[in-house]
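Numbering (my numbering), first residue to last: 109 to 622.
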């Protein structure tokens with residue numbers, strides 16, 4: 109098409125339009141050569157549970173209403189050959205809190221009990237992609253709210269009894285799944301994360317100077333569970349595949365008075381992530397236990413344990429890189445004059461891999477949860493909690509002949525015991541957690557030459573807890589022990605090296621406060 113303009117400004121405009129038209133033509137002509145650039149995202153949130161009604165005054169006071177359960181949430185972002193990146197985010201609704209109990213009226217009337225809090229909603233997130241060109245990624249994240257707190261008991265005066273506190277709701281449960289199938293040569297990146305909800309706080313007993321009865325505080329809620337569904341990635345023609353799977357247990361809620369603390373959620377992952385490629389394959393699997401709740405004179409909660417174990421026998425990847433991580437939950441504090449704060453959760457990580465097509469590179473990390481603190485600056489007496497134990501084991505074996513000057517097999521273990529809890533005005537700090545580790549790297553191909561096989565173990569016992577404002581005869585917490593065993597062996601004319609670095613935990617100090 110020919111366009112004629114009568115003035116110079118019109119000619120300049122013509123050049124601009126022609127250039128734009130030409131650029132658009134180029135984009136349209138060559139667009140099939142580029143990967144899809146669209147991204148699909150699905151965000152879903154559950155509604156928060158409604159709070160229970162406050163009880164009216166009366167003789168006795170009217171009990172508070174129970175909270176309503178939080179709403180569930182499900183997010184799903186799945187496409188085929190249309191999006192390069194898909195994301196799904198699901199957030200469950202928090203549980204409704206319990207209503208407060210009504211006041212006892214007239215004087216000498218009992219207060220009403222607090223209502224119970226409700227469980228938080230659950231959450232499920234799924235992100236999937238099937239793609240033929242370019243790189244693909246999928247990210248799924250499932251979170252949820254906190255369980256509803258228990259309502260406080262109602263006020264009472266005279267000979268009336270204050271109302272009991274309401275029990276709290278548990279945190280919501282979560283599941284996350286993510287997959288990328290790349291039928292071309294591009295990369296595949298997968299991330300799936302599930303975070304359990306935290307437990308709610310127990311309700312306090314009613315206020316006032318009422319002397320009747322023996323009111324009890326409400327119990328706290330437990331932390332929610334977190335699990336992984338299908339978490340995988342693949343590249344048909346040798347692209348880098350990276351698959352990350354993470355699950356965290358919810359923390360237990362805290363309680364006052366005689367109420368019991370909530371438990372932290374425990375996590376156990378076994379072969380939860382997978383992938384395939386002839387290129388580099390990175391697998392990452394992480395488990396974290398939830399902390400237990402804090403408590404006054406009720407029962408301690410139990411900190412969540414963590415276990416992450418992955419076994420892989422590989423026959424096609426040129427470089428297999430596997431990393432497992434486990435972290436135990438922290439123990440809750442104990443604000444009482446007697447007893448012992450909660451122990452930290454134990455952690456176990458295990459990586460066991462072999463590769464007949466290339467390098468085997470394995471890592472295992474474990475860290476025990478810290479023990480809870482005893483007392484505080486104004487309430488003395490409870491001893492510190494014990495730190496959680498940790499164990500990390502990795503075995504990496506390659507039977508392949510790899511490039512001269514590179515690693516053929518490598519194993520790294522890293523284990524740290526949890527620190528013991530410190531305390532105020534008591535006699536014993538918490539002992540540090542024990543730590544153990546093992547790393548084994550083996551190269552079996554006799555045709556390899558001038559390659560490296562390396563094993564390394566780093567193991568550290570947890571430090572003992574310190575005693576502040578110590579009583580006569582007080583003892584700081586003992587440091588945790590440390591033990592490591594690493595070995596490396598190589599066939600053919602190769603280099604093998606094994607190192608161990610072990611350090612026991614430091615004992616806790618005594619601080620008299622003088």
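For each residue, glycine too, the CB sits at the ideal point set by N, CA and C.
Proximity below 8 Å, CB of residue i to CB of residue j
{"i": "residue 346", "j": "residue 400", "result": "no"}
{"i": "residue 405", "j": "residue 365", "result": "yes"}
{"i": "residue 539", "j": "residue 602", "result": "no"}
{"i": "residue 328", "j": "residue 357", "result": "no"}
{"i": "residue 491", "j": "residue 534", "result": "yes"}
{"i": "residue 79", "j": "residue 430", "result": "There is simply no residue 79 to check, as the chain begins at 109 and stops at 622 in what is shown."}
{"i": "residue 547", "j": "residue 563", "result": "yes"}
{"i": "residue 541", "j": "residue 530", "result": "no"}
{"i": "residue 310", "j": "residue 258", "result": "yes"}
{"i": "residue 549", "j": "residue 519", "result": "yes"}
{"i": "residue 469", "j": "residue 503", "result": "no"}
{"i": "residue 75", "j": "residue 154", "result": "The structure shown does not extend to residue 75, since the chain is modelled only from 109 to 622, so the question has no answer here."}
{"i": "residue 244", "j": "residue 192", "result": "yes"}
{"i": "residue 465", "j": "residue 508", "result": "yes"}
{"i": "residue 449", "j": "residue 434", "result": "no"}
{"i": "residue 525", "j": "residue 476", "result": "yes"}
{"i": "residue 362", "j": "residue 355", "result": "no"}
{"i": "residue 385", "j": "residue 343", "result": "yes"}
{"i": "residue 150", "j": "residue 184", "result": "yes"}
{"i": "residue 353", "j": "residue 331", "result": "no"}
{"i": "residue 387", "j": "residue 425", "result": "yes"}
{"i": "residue 242", "j": "residue 279", "result": "no"}
{"i": "residue 421", "j": "residue 462", "result": "yes"}
{"i": "residue 156", "j": "residue 253", "result": "yes"}
Presumed contact (8 Å Cβ cut-off) between residue i and residue j, rounded CB distance
{"i": "residue 339", "j": "residue 349", "result": "Not really, about 12 Å apart at Cβ, beyond 8 Å."}
{"i": "residue 178", "j": "residue 228", "result": "4 Å"}
{"i": "residue 479", "j": "residue 573", "result": "6 Å"}
{"i": "residue 500", "j": "residue 561", "result": "Residue 500 to residue 561, Cβ: 19 Å. No contact."}
{"i": "residue 623", "j": "residue 620", "result": "Absent from the structure is residue 623, since the part of the chain shown begins at 109 and ends at 622."}
{"i": "residue 203", "j": "residue 274", "result": "So it is not a contact: roughly 12 Å between Cβ atoms."}
{"i": "residue 428", "j": "residue 467", "result": "7 Å"}
Element boundaries [beta strand (DSSP E), containing residue i]
{"i": "residue 91", "result": "Summary: the structure shown does not reach residue 91, with the chain confined to residues 109 through 622, and so no result is reported for it."}
{"i": "residue 601", "result": "601-611"}
{"i": "residue 333", "result": "Looking at the DSSP string, residue 333 is not in any beta strand (DSSP E), and its letter there is neither H nor E."}
{"i": "residue 104", "result": "The structure shown does not extend to residue 104, since the chain is modelled only from 109 through 622, so no value can be given for it."}
{"i": "residue 263", "result": "Counting along the chain, residue 263 falls outside any beta strand (DSSP E), and DSSP gives it neither H nor E."}
{"i": "residue 417", "result": "414-422"}
{"i": "residue 236", "result": "231-239"}
{"i": "residue 548", "result": "543-551"}
{"i": "residue 162", "result": "Note, residue 162: premise wrong, no beta strand (DSSP E); not H, not E."}
{"i": "residue 78", "result": "Outside the shown range of the chain, which is 109 to 622, sits residue 78, and nothing can be said about it."}
{"i": "residue 375", "result": "375-378"}
{"i": "residue 597", "result": "590-598"}
{"i": "residue 491", "result": "Per DSSP, residue 491 belongs to no beta strand (DSSP E) and is neither H nor E."}
{"i": "residue 182", "result": "181-188"}
{"i": "residue 566", "result": "557-568"}
Neighbour flag for residue i against chain C, beta carbons, 8 Å
{"i": "residue 188", "result": "The chain inventory of the structure shown lacks chain C, comprising one protein chain alone."}
Opposing strand residues paired with residue i [DSSP bridges]
{"i": "residue 619", "result": "576"}
{"i": "residue 341", "result": "288, 383"}
{"i": "residue 614", "result": "The partner list for residue 614 (beta bridge, DSSP) is empty, contrary to what the question assumes."}
{"i": "residue 497", "result": "In the DSSP output, where bridge partners are listed per residue, residue 497 has none listed."}
{"i": "residue 475", "result": "435, 524"}
{"i": "residue 194", "result": "148, 246"}
{"i": "residue 394", "result": "354, 433"}
{"i": "residue 502", "result": "459, 547"}
{"i": "residue 482", "result": "442, 531"}
{"i": "residue 170", "result": "Its beta-bridge partners do not exist; DSSP assigns none."}
{"i": "residue 283", "result": "232, 335"}
{"i": "residue 303", "result": "356"}
{"i": "residue 212", "result": "166"}
{"i": "residue 470", "result": "430, 519"}
{"i": "residue 510", "result": "Looking at the DSSP assignment, residue 510 forms no beta bridge with any residue, so it has no partner."}
{"i": "residue 153", "result": "199"}
{"i": "residue 536", "result": "583"}
{"i": "residue 251", "result": "199"}
Contact the stretch 161-171 vs the stretch 206-223: 3+ CB pairs below 8 Å: Yes, they touch.
Stretch-stretch touch, CB-based, cutoff 8 Å, three pairs: the stretch 316-323 with the stretch 372-383: The stretch 316-323, when compared against the stretch 372-383, does not touch it at the 8 Å Cβ threshold.
Validate contact between the stretch 322-337 and the stretch 277-292 using beta carbons, cut 8 Å, 3 pairs: Yes: at least three Cβ pairs fall under 8 Å.
Contact the stretch 491-508 vs the stretch 436-450: 3+ CB pairs below 8 Å: The stretch 491-508, when compared against the stretch 436-450, does touch it at the 8 Å Cβ threshold.
Any 3 or more C-beta pairs closer than 8 Å across the stretch 217-228 and the stretch 186-197: These segments do not touch.
The stretch 254-271 in contact with the stretch 229-243 per 3-pair CB rule at 8 Å: The stretch 254-271 is not in contact with the stretch 229-243.
Three or more C-beta pairs below 8 Å linking the stretch 445-456 and the stretch 408-419: Because the criterion of three Cβ pairs below 8 Å is met, the stretch 445-456 and the stretch 408-419 touch.
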